[in-house]
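Let me begin by presenting the structure, written as structure tokens, before commenting on it.
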Amino acid sequence: MSSGICLGLDTSNYTTSAACFDGETGRQAARLLEVAPGALGLRQSEALFQHVKRLPGLLESLREDGALEMPVSVVGASTKPRWVEGSYMPCFLAGESVGRSIAASLGVPFFACSHQQGHIAAAAWASGRIDLLDRPCLAWHLSGGTTELLLVEPEAGNVRAVKLGGTSDLSAGQLIDRTGVALGLSFPAGKGVDALAAESGEGAHFRVKLNGLTFSLSGVENQVKGLLHRGAPPQDAARYALLTVIDAVERATERALERHPGLPVLFSGGVSSNALLRTMAGRRFEAVFAPPVYSTDNAMGVAVLACRALAGGRL
22 MSSGICLGLD
32 TSNYTTSAAC
42 FDGETGRQAA
52 RLLEVAPGAL
62 GLRQSEALFQ
72 HVKRLPGLLE
82 SLREDGALEM
92 PVSVVGASTK
102 PRWVEGSYMP
112 CFLAGESVGR
122 SIAASLGVPF
132 FACSHQQGHI
142 AAAAWASGRI
152 DLLDRPCLAW
162 HLSGGTTELL
172 LVEPEAGNVR
182 AVKLGGTSDL
192 SAGQLIDRTG
202 VALGLSFPAG
212 KGVDALAAES
222 GEGAHFRVKL
232 NGLTFSLSGV
242 ENQVKGLLHR
252 GAPPQDAARY
262 ALLTVIDAVE
272 RATERALERH
282 PGLPVLFSGG
292 VSSNALLRTM
302 AGRRFEAVFA
312 PPVYSTDNAM
322 GVAVLACRAL
332 AGGRL
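In the numbering used here, the protein residues as written are 22 to 336.
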């Protein structure tokens, strides 16, 4: 357990967040970035601007909530989308810059990780399965920008995530968001599509082709638009898109388990908060899911990893 507070920051393309973790419990403050009605995202310059404006207020909110009463022992931040060469997005500079500045002013270590590693750690901790950070497992990172099936292994307090498969083009989150916008929902549209799909009892979906553990979702958007053009109810179109994603994810998971039998399956990322996915994949694979608040973009996983790094790899 840390002798103080582990502070984590995450400035993704969708959410500004800051979290405190003491080795057992954590608190978080987060805000979605503002996206204009009808838009499908933000320019990086606008995302970076919003993060810079919001981080001070989120840190103040944590202090007012009593989360920063103990001294800060380590500061962590996600500095890139994935921990692979060439992975870069300017929006993460906001959290890294503020994190390094706080660490330097306090004279404490700064810990860098990827946004993806933070997602995995948040899902493991919040689901009560932090032991998954100390053993190999399969993990899905399903979000607005990423749909990857990963082989995750512990590495010096952090985790190493090796891509096994996933989408070759459109991410699951992009398909869901585009479906939602086509249905008149606000961006990001995950919650709205989830709610609409719950009103439908249809089981139809598009069976995408698997190439090993990789699949393409680029044609599914046109399938959904075709349904709507032919007069399908919005709730049926929403369920169609979700079932298509779930079917591809389940079949890829089955193949991965044939190659890596016996490994637990962890779901992370905003799309993993979807109720239909949680029900179907949870039943089929006894999969591990975090509560939705720690499935979407968040800084808690960053704080957990920073705490583990400070403690030499374990809590």
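All residues carry an ideal CB built from backbone N, CA and C; glycine is no exception.
Asked	Found
Sufficient close CB pairs (3 or more, under 8 Å) joining the stretch 282-297 to the stretch 111-128	no
Touch test, the stretch 136-152 against the stretch 313-320, Cβ-Cβ under 8 Å, three pairs minimum	yes
From L238, D152, G213, residue whose alpha carbon lies closest to that of A193	L238
Pairwise C-alpha distance: G139 and G47	14 Å
Q256 to R84 span [Cα, whole Å]	42 Å
Straight-line Cα distance separating A332 from P58	45 Å
Range covered by the alpha helix (DSSP H) that runs through S82	65-85
Residues near H136 by beta carbon distance below 8 Å, same chain, minus five either side	D31, S33, S99, K101, P102, R103, F113, D318
In chain order, each beta strand (DSSP E) run of at least 3 residues that lies wholly inside the stretch 281-327	286-289
Pair within 9 Å by beta-carbon distance, C134 and L287	no
Proximity to G322 [Cα-Cα], best of F42, T36, G25, Y35	F42
Three-state secondary structure (DSSP) of S237	coil
Stretch pair the stretch 174-192 + the stretch 226-243: three plus CB contacts closer than 8 Å	yes
With 16 other Cβ atoms within 10 Å as the buried cut-off, status of S126	exposed
Which of helix, strand or coil DSSP assigns to S164	coil
CA-to-CA distance, A258 to E169, given in whole angstroms	24 Å
Start-to-end residues for the beta strand (DSSP E) that takes in G29	26-32
Stretch-stretch touch, CB-based, cutoff 8 Å, three pairs: the stretch 200-207 with the stretch 243-253	yes
Assigned secondary structure, F113 (DSSP; H/G/I helix, E/B strand, else coil)	helix
Per-residue burial, A68 [other beta carbons within 10 Å of its own, 16 or more giving buried]	buried
Unbroken alpha helix (DSSP H) run spanning L185, endpoints	Element bounds for L185: not the alpha helix (DSSP H) but the beta strand (DSSP E), 179-188.
Assumed close pair A40, A320 - CB separation to whole angstroms, cut-off 8 Å	4 Å
When L79, A327, L326, V270 are compared against A302, the one with the closest alpha-carbon	V270
Beta-bridge pairing of T37 - partner residues as DSSP gives them	T32, R52
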